[in-house]
Amino acid sequence: MATPPSVIGTQNKKGQTYTDPWKLLHEAPRTPSFFTGSEVIKEAVRRSSCDVMIAYPITPQSEAAALIGELFAEGYIGDYFRGESEFAVMSQCAGAAFGGARVFTTTAGPGTMRAMENFPMWAGARLPIQMIVTCRGINSPLSIQPDTLEIAYLLNTGMLVWHAETAQDFFDWILKGYLVSEEPDVHLPLALCCDGFFVTHTKDVVNLTPADMCLPPYDPYRSPVPCMDMECPPVRMMRDPFVMKSNYISYATHASWQQEIWAAIERSRKHSIHWLNGLIDTENVDAETLIVASGTAVSQGREAIRLLEEEGVRCGLVKVKTLRPWPEDEIREATKNAKHIFVPEFNVTGWLAKELRATIPNPHRVHAGPHVCGGMTMPPEIIVSEIKTALGMKSFSLAGRGS
Amino acid sequence: MSKERIQISEDLYDIMPSDYQDLVKSATYGKEDRGWKDIGSSKELIEQHSLCAGCPESMAFRYILASLPNPEDTVMVGSTGCTSLVFPMVAVHNIHSLFGNQNAIASGLKRALSVRFPGRVKDVVVLAGDGATVDIGLDMTLQAWFRQEKFTTICFDNELYANTGGQESGLMQKGFVAKMAPVGKLFDKVRLPEIARESGCHYVVNCTVSKPSLVEKVIRNAVHVAREIGPTYLQLYTPCILEIGKNSMEGLQEMRDSEKPTERFAYKEYVSEPAKQLLAELAAKDKERKAAAKQLASQASA
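The listed protein sequences derive, respectively, from chains B and Z. Each number in the working numbering comes from the position in the first sequence (counting from 1) with 65 added on. Each number in the working numbering comes from the position in the second sequence (counting from 1) with 32 added on.
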């Protein structure tokens with residue numbers, strides 16, 4: 066088949082110029098803008114050449130989902146509608162992606178859990194859907210407060226899982242997410258997570274690329290599996306469906322299919338490193354004490370490090386950007402000098418600490434905590450206190466903790 | 033897809049499977065008046081099936097695939113169940129993803145195809161069992177109709193969960209003793225055709241698949257109305273002969289018995305006013321086309 070002519074430099078119907086992604090993200094001028102995280106999501110989607118966005122209300126992603134509706138009304142998105150539940154929405158996203166569309170959606174907390182059956186299906190069907198997860202509590206009694214427990218459930222779905230710290234991460238990673246997940250040797254869905262409210266509902270200065278430049282459109286014919294649009298010959302998939310067979314060929318087929326999904330996650334490393342400038346960021350990792358964190362816990366850790374420095378304690382920082390692929394080698398390297406590794410998390414189970422313990426030698430170095438959950442904030446003083454206590458230093462007890 | 037898309041490179045022709053060669057040579061993609069009568073004289077779009085011997089569902093599949101007005105630009109959506117054992121043998125693109133989400137998949141698919149191919153016809157047809165349509169997927173079935181999504185929903189109603197071994201379903205008759213209904217089903221068969229009408233479907237038919245000509249008519253109508261106006265629904269009785277204790281050769285009679293005027297699968301049809309108008313226009317065009325063809329034939333023979 067002849068290679069279609071490049072669209073770079075041509076304009077879409079809104080007058081945006083399809084721009085080489087590297088130039089768009091690294092060379093185009095940036096305008097500092099003071100926006101909420103939700104508004105930043107809208108601005109990133111405006112530049113994403115999205116075909117279909119499907120929305121459903123759930124706090125704290127409702128604002129972003131509604132703002133993208135405004136983009137549709139303005140003509141920036143091919144189609145947009147409100148589905149009937151997160152389970153349905155994620156299936157509608159799948160249908161649109163099967164049909165060759167670039168698809169965007171957002172969800173949160175109980176919505177993520179309700180939709181869960183779809184996610185391994187998305188990965189298995191190799192659908193490069195991008196889903197923003199604005200994490201919130203999933204427990205009963207009802208909570209709408211920030212809490213990252215739902216990320217733990219996403220880690221084994223076969224999706225790429227990234228955890229943004231700031232609104233700036235969010236803006237850049239929405240665009241970069243499509244570039245990684247649509248690579249033919251990856252072609253997997255991406256859960257782009259952030260901590261609800263802390264990122265979605267706070268205002269921050271974000272450097273935006275020009276609104277009249279956008280990503281090139283998705284080309285569904287670069288997919289490793291056929292696009293379901295009857296534009297290529299319908300293949301007869303198999304003589305007997307494997308679902309009904311209990312034999313070695315059936316098991317081998319399913320096993321190799323699953324292995325291929327996880328191999329595709331591995332292959333996404335090189336693309337993620339290219340676009341995200343590495344799977345982790347590090348600061349002062351020669352220090353004996355380290356904080357390893359993802360999401361807004363990184364920001365709180367950074368502030369704790371500043372407070373510790375004032376008291377003469379030197380502490381380094383590892384910001385984990387991608388949870389899938391898991392930056393195993395990078396984390397081993399970054400933590401090789403550390404004697405004490407602290408993992409502050411916004412959830413009760415400490416899933417990041419568990420991942421870390423399973424990754425590094427001498428895992429007793431990992432102090433899982435501090436943890437806050439159920440919507441509590443994590444003042445940097447809590448992290449300072451946890452570190453000082455573990456290091457045998459005198460620490461002031463924090464008010465209100467009953468100590 | 034035009035028929036050219038399925039052509040085989042000459043160099044590769046001899047190594048392609050014979051069923052693919054047959055598809056290229058004698059399938060009815062693009063044939064304007066394709067229908068059930070092509071069965072036997074052309075390559076069917078279903079190769080084989082792994083259903084039970086004599087299963088009425090296999091008849092339904094053959095008639096439906098022979099009757100789709102535009103298979104070269106039709107994508108089908110299935111669900112988990114006996115139908116999902118057949119779709120791998122079907123020569124139109126088809127999607128199986130989860131159990132019960134078929135109308136949600138079809139909603140996203142139809143919209144994506146409309147965005148990607150403006151001005152071109154791309155039909156979407158859902159085909160799922162009664163458990164998928166009426167029980168686990170009812171929410172998504174109805175919501176797609178409320179939203180006026182432009183695709184056809186076909187329910188193969190066998191009045192139970194067949195693929196999992198004969199459990200009670202919402203479309204099962206009241207009193208029927210089945211797995212998970214150990215003392216007989218306690219509530220009436222769900223009246224989905226009426227619900228479909230009230231939910232905004234523009235063409236609704238409840239019937240059996242005993243008559244291929246009837247299946248052809250309702251499939252063509254349903255697809256055309258969905259393409260131009262809004263959602264359509266066909267509820268087709270495809271009895272599970274295994275679970276109701278019938279033999280392989282008794283499926284047809286079971287359907288004939290169940291479509292008698294007083295029975296639950298007596299032919300019922302609802303057509304909305306805009307759909308009536310569309311179908312009348314299509315019938316007039318069809319008549320015109322046939323008359324022209326007849327005239328041409330008589331001129332040729334004269």
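Ideal Cβ positions, reconstructed from N, Cα and C, are used throughout, including at glycine.
Fill in: Backbone secondary structure at Z/N135 - three-state DSSP
Reading the second sequence from its first residue, position 103 is the one you call residue 135 of chain Z. Note: Z/N135 maps to helix in three-state DSSP.
Worksheet item: Using the C-alpha atoms, what's the distance from B/N77 back to Z/E250?
Response: In the second sequence, counting from the first residue as 1, residue 250 of chain Z sits at position 218. In the first sequence, counting from the first residue as 1, residue 77 of chain B sits at position 12. Before going on, a small fix: residue 250 of chain Z reads as Val here, not Glu. Taking the straight line joining both Cα atoms gives about 41 Å.
Item to complete: Locate the alpha helix (DSSP H) running through B/L136, then write down its first and last residues.
Response: On the first sequence, residue 136 of chain B is found 71 positions in, with the first residue counted as 1. Note, B/L136: alpha helix (DSSP H), 127-139.
Practice prompt. Starting from B/S337, follow the alpha helix (DSSP H) in both directions and report where the run begins and ends.
Written response: The residue you call residue 337 of chain B lines up with position 272 of the first sequence. 313-341 is the extent of the alpha helix (DSSP H) around B/S337.
Item to complete: Have a look at Z/G113 and B/I406 and give me their C-alpha separation to the nearest angstrom.
Response: Within the second sequence, residue 113 of chain Z is the residue found at index 81, counting from 1. Within the first sequence, residue 406 of chain B is the residue found at index 341, counting from 1. As the crow flies, the alpha-carbon of Z/G113 is around 51 Å from that of B/I406.
Discussion item. If I measure Cβ to Cβ from B/I425 and keep anything under 6 Å in the same chain, skipping five residues before and after, which residues do I get?
Written reply: Within the first sequence, the letter at position 360 stands for residue 425 of chain B. Same-chain partners within the cutoff: R397, T400.
Practice prompt. Have a look at B/T172 and B/M443 and give me their C-alpha separation to the nearest angstrom.
Written response: As a position in the first sequence, residue 172 of chain B is number 107, starting the count at 1. As a position in the first sequence, residue 443 of chain B is number 378, starting the count at 1. Between B/T172 and B/M443, the C-alpha separation is close to 23 Å.
Worksheet item: Do the CB positions of B/I197 and B/W187 come within less than 7 Å of each other?
Response: Looking up residue 197 of chain B in the first sequence gives position 132. Looking up residue 187 of chain B in the first sequence gives position 122. Taking 7 Å as the Cβ cut-off, B/I197 and B/W187 do not qualify as a contacting pair.
Worksheet item: When the Cα atoms are used, what is the spatial distance from Z/I38 to Z/Y61?
Response: Counted from its first residue, the second sequence places residue 38 of chain Z at position 6. Counted from its first residue, the second sequence places residue 61 of chain Z at position 29. So the alpha carbons of these two residues sit roughly 10 Å apart.
Item to complete: Please go through the segment 206-232 of chain Z and give each complete alpha helix (DSSP H) segment of 4 or more residues, from N-terminal end onward.
Response: 224-230
Fill in: Three-pair Cβ contact test at 8 Å for the segment 196-214 of chain B versus the segment 261-280 of chain B
yes
Practice prompt. Measure the CB-CB distance between B/I448 and B/A369 and report whether it falls below 7 Å.
Written response: On the first sequence, residue 448 of chain B is found 383 positions in, with the first residue counted as 1. On the first sequence, residue 369 of chain B is found 304 positions in, with the first residue counted as 1. Yes, they are a contact pair.
Fill in: Short CB-CB distance (under 7 Å) between Z/N133 and chain B
Residue 133 of chain Z sits at position 101 when you count from the first residue of the second sequence. Z/N133 counts as touching chain B.
Worksheet item: Apart from the five residues just before and just after B/E230, which ones in its own chain have a Cβ nearer than 7 Å to its Cβ?
Response: Here residue 230 of chain B is taken as the residue at index 165 of the first sequence, counted from 1. Once the five neighbours on either side are set aside, the close Cβ partners of B/E230 are G360, T361, V363, S364, K384.
Worksheet item: Between the Cα of B/L244 and the Cα atoms of B/R147, B/P86, B/I133, B/F184, which residue gives the shortest distance?
Response: Residue 244 of chain B sits at position 179 when you count from the first residue of the first sequence. Measuring from the Cα of B/L244, the nearest candidate turns out to be B/P86.
Worksheet entry | Of the listed residues Z/V118, Z/A123, Z/V147, nearest to B/G160 (C-alpha basis) | Here residue 160 of chain B refers to the residue found at position 95 when the first sequence is read from its first residue. That would be Z/V147, whose Cα lies nearest to the Cα of B/G160.
Item to complete: Mind listing the chain B neighbours of Z/D105? Cutoff is C-beta to C-beta under 7 Å, in chain order.
Response: Here residue 105 of chain Z refers to the residue found at position 73 of the second sequence. Chain B residues near Z/D105: M295.
Fill in: Below-7 Å beta-carbon distance, B/D284 vs any chain Z residue
The count along the first sequence starts at 1 and reaches residue 284 of chain B at position 219. So no, B/D284 is outside the interface.
Worksheet item: For B/H252, which option in B/E182, B/M278, B/A329 has the closest C-alpha, if you only look at C-alpha atoms?
Response: In the first sequence, counting from the first residue as 1, residue 252 of chain B sits at position 187. When only C-alpha atoms are compared, the closest one is B/A329.
Worksheet entry | Inter-stretch contact at 8 Å, needing at least 3 Cβ pairs: the segment 66-81 of chain Z / the segment 259-267 of chain Z | no
Worksheet entry | chain B residues whose Cβ lies nearer than 9 Å to that of Z/D171 | To locate residue 171 of chain Z, count along the second sequence from 1; it is residue 139. Going along chain B in sequence order, the residues near Z/D171 (Cβ under 9 Å) are E149, S150, F152, A153.
Worksheet item: Taking one C-beta from the segment 84-101 of chain Z and one from the segment 129-140 of chain Z each time, how about it: are there three or more such pairs within less than 8 Å?
Response: no
Fill in: chain B contact residues for Z/V147, given Cβ-Cβ distances below 8 Å
Numbered from its first residue, the second sequence carries residue 147 of chain Z at position 115. What Z/V147 touches in chain B: D116, V117, G143, D144, A166.
Practice prompt. Verify whether the separation of the beta carbon atoms of B/I216 and B/C258 is less than 7 Å.
Written response: Mapped onto the first sequence, residue 216 of chain B falls at position 151. Mapped onto the first sequence, residue 258 of chain B falls at position 193. Yes. Within cutoff.
Discussion item. If distances are taken between C-alpha atoms only, which option among B/N402, B/P435, B/V413 comes closest to B/N427?
Written reply: Translated into positions along the first sequence, residue 427 of chain B becomes position 362. Answer by Cα proximity: B/N402.
Practice prompt. Report the partner residues of B/C200 according to the DSSP bridge assignment.
Written response: Position 135 of the first sequence, counted from the first residue, corresponds to residue 200 of chain B. Answer is B/D260, bridged to B/C200.
Discussion item. Less than 6 Å between C-beta atoms, sequence neighbours within five positions excluded: which residues of the same chain meet that for B/H336?
Written reply: Sequence index remark: in the first sequence, residue 336 of chain B carries index 271 (1-based). Excluding residues within five positions, the ones whose Cβ falls inside 6 Å are V245, E248.
Worksheet item: Given a threshold of 16 other Cβ atoms within 10 Å of its Cβ, counted over all protein chains shown, does B/F36 qualify as buried or as exposed?
Response: A query on residue 36 of chain B cannot be resolved here, the shown segment of chain B reaching from 66 to 468 and no further.
Worksheet item: Counting along the chain, where does the alpha helix (DSSP H) carrying Z/R259 start and finish?
Response: Position 227 of the second sequence holds residue 259 of chain Z. 244-260 is the span of the alpha helix (DSSP H), which, as asked, contains Z/R259.
Worksheet item: Based on the DSSP secondary-structure assignment, which residues constitute the bridge partners of B/G381?
Response: Residue numbering aside, residue 381 of chain B sits at position 316 when the first sequence is read from its first letter. Partner(s): B/L355.
Worksheet item: Straight-line CA distance for Z/M108 to Z/F93?
Response: Mapped onto the second sequence, residue 108 of chain Z falls at position 76. Mapped onto the second sequence, residue 93 of chain Z falls at position 61. Cα-Cα distance, rounded: 12 Å.
Worksheet entry | With 16 other Cβ atoms within 10 Å as the buried cut-off, status of Z/S330 | Counted from its first residue, the second sequence places residue 330 of chain Z at position 298. So Z/S330 ends up on the exposed side.
Fill in: Within 7 Å of chain Z by C-beta, residues of the segment 320-337 of chain B in sequence order
none
Item to complete: For B/C297, collect the residues of the same chain with a Cβ closer than 6 Å to its Cβ; drop the 5 residues on either side in sequence, then sort them by chain order.
Response: Counting from 1 along the first sequence, the entry for residue 297 of chain B is found at position 232. The answer, listed in chain order, is P291.
Discussion item. I'd like to know if Z/I96 contacts chain B, where contact means its C-beta is closer than 7 Å to some C-beta of that chain.
Written reply: Numbered from its first residue, the second sequence carries residue 96 of chain Z at position 64. Not closer than 7 Å to any Cβ of chain B, the Cβ of Z/I96 fails to qualify, so no.
Item to complete: Mind listing the chain Z neighbours of B/M186? Cutoff is C-beta to C-beta under 8 Å, in chain order.
Response: Locating residue 186 of chain B in the first sequence gives position 121, counting from the first residue. Those are S129, L130, listed as they occur along chain Z.
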